[in-house]
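*Asks:* Mapping of the sequence shown onto numbering that gives the first Met the number 0: residues 0 to 60, in sequence order.
For every residue, glycine included, the Cβ atom is placed at its ideal position computed from N, Cα and C.
Next up is a structure, given as structure tokens.
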Amino acid sequence: MDAALLDMMRSGRNKNWAETMVNLEARKLINTANTLSAFHLRDSLTRMNFVQEIKDVVEQQ
Numbered sequence: 000m001d002a003a004l005l006d007m008m009r010s011g012r013n014k015n016w017a018e019t020m021v022n023l024e025a026r027k028l029i030n031t032a033n034t035l036s037a038f039h040l041r042d043s044l045t046r047m048n049f050v051q052e053i054k055d056v057v058e059q060q
């Protein structure tokens, strides 16, 4: 994540905006993972595991 966004989230300055931007980027990442896995991974179980791993990384952040 961008350090500036994290600083905004911690300081309270434009907190709602920063949280919205972080959530938007997280959704974009998950969408990209879904798209790439559909093109490059033939095995459905592998594809689902890959997308779940990306979701887990997003949740940890």
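(1) I need the straight-line Cα distance from I29 to W16, nearest angstrom please.
(2) From A37 to E18, what distance separates their C-alpha atoms?
(3) Just the Cα atoms here: how many angstroms apart are H39 and V57?
(4) Just curious, the alpha helix (DSSP H) that Q51 is in, first and last residue?
(5) Out of E52, V21 and N22, which one is the CA nearest neighbour of N33?
*Replies:* Walking through what the data contain:
(1) In the sequence shown, the residue the question calls residue 29 occupies position 30. In the sequence shown, the residue the question calls residue 16 occupies position 17. If you take the alpha carbons of I29 and W16, they lie about 20 Å apart.
(2) The sequence position of residue 37 within the sequence shown is 38, counting from 1. The sequence position of residue 18 within the sequence shown is 19, counting from 1. If you take the alpha carbons of A37 and E18, they lie about 29 Å apart.
(3) Taking the sequence shown and counting its residues from 1, one reaches residue 39 at position 40. Taking the sequence shown and counting its residues from 1, one reaches residue 57 at position 58. Looking at the two C-alpha atoms, the distance is approximately 21 Å.
(4) The count along the sequence shown starts at 1 and reaches residue 51 at position 52. Q51: member of the alpha helix (DSSP H) spanning S43 to Q59, first to last residue.
(5) If you number the sequence shown from 1, residue 33 lands on position 34. Selected option, being the one with the closest Cα: E52.
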